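Its first residue numbered 0, the sequence shown is counted upward by one per residue in numbering that gives the first Met the number 0. Backbone N, C-alpha and C fix where the C-beta goes; we use that ideal spot for every residue, glycine too. From a predicted model like this one, the values you see are computed outputs, not experimental measurements.
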Amino acid sequence: MYRSVFTDDALKDVKKLPKNVRNALKKEFEKKIHINPFSCSEELSGILGHYRSFHYGDYRVVYRVFEDIRAVSVVGLGKKNKDHRTDLYKRLEDLSKRGRLAEAVLETYRSISPDKS
């Protein structure tokens, strides 16, 4: 089993979701992402090449998998739109270019890593 941790930005995204969507996504995490985060998602490319995208209904969840500690670091959630270049991807690409996405992921990794040295 994998566990998930959320960056501060991802937690803000979660809080914006309708309660029924939050509850449904929680169940999907338990059934799919926590079991095998690779088989239920697709690998992103370009500057977000280390991340994966899980689709649920009208929403996308973007995360990075850490196999060594069996965890996923959720970096963002957002609603899909007609154009595959969603606001979520644009926001994450901008954070990545500024180094802020890597910082947030590293912080979540450190918070769950058994070796916190």
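Query	Result
Which word fits S3, buried or exposed, when buried means at least 16 other C-beta atoms lie within 10 angstroms of its C-beta?	buried
Say whether the region 96-113 touches the region 22-32, bearing in mind that this needs 3 or more beta-carbon pairs closer than 8 Å, one atom from each stretch.	no
Which residue or residues does DSSP assign as beta-bridge partners of V4?	S72
Rank I46, Y108, N35 by C-alpha distance to the C-alpha of I68 and give the top, closest one.	Y108
Taking buried to mean at least 16 other C-beta atoms within 10 Å of its own C-beta, is G77 buried or exposed?	buried
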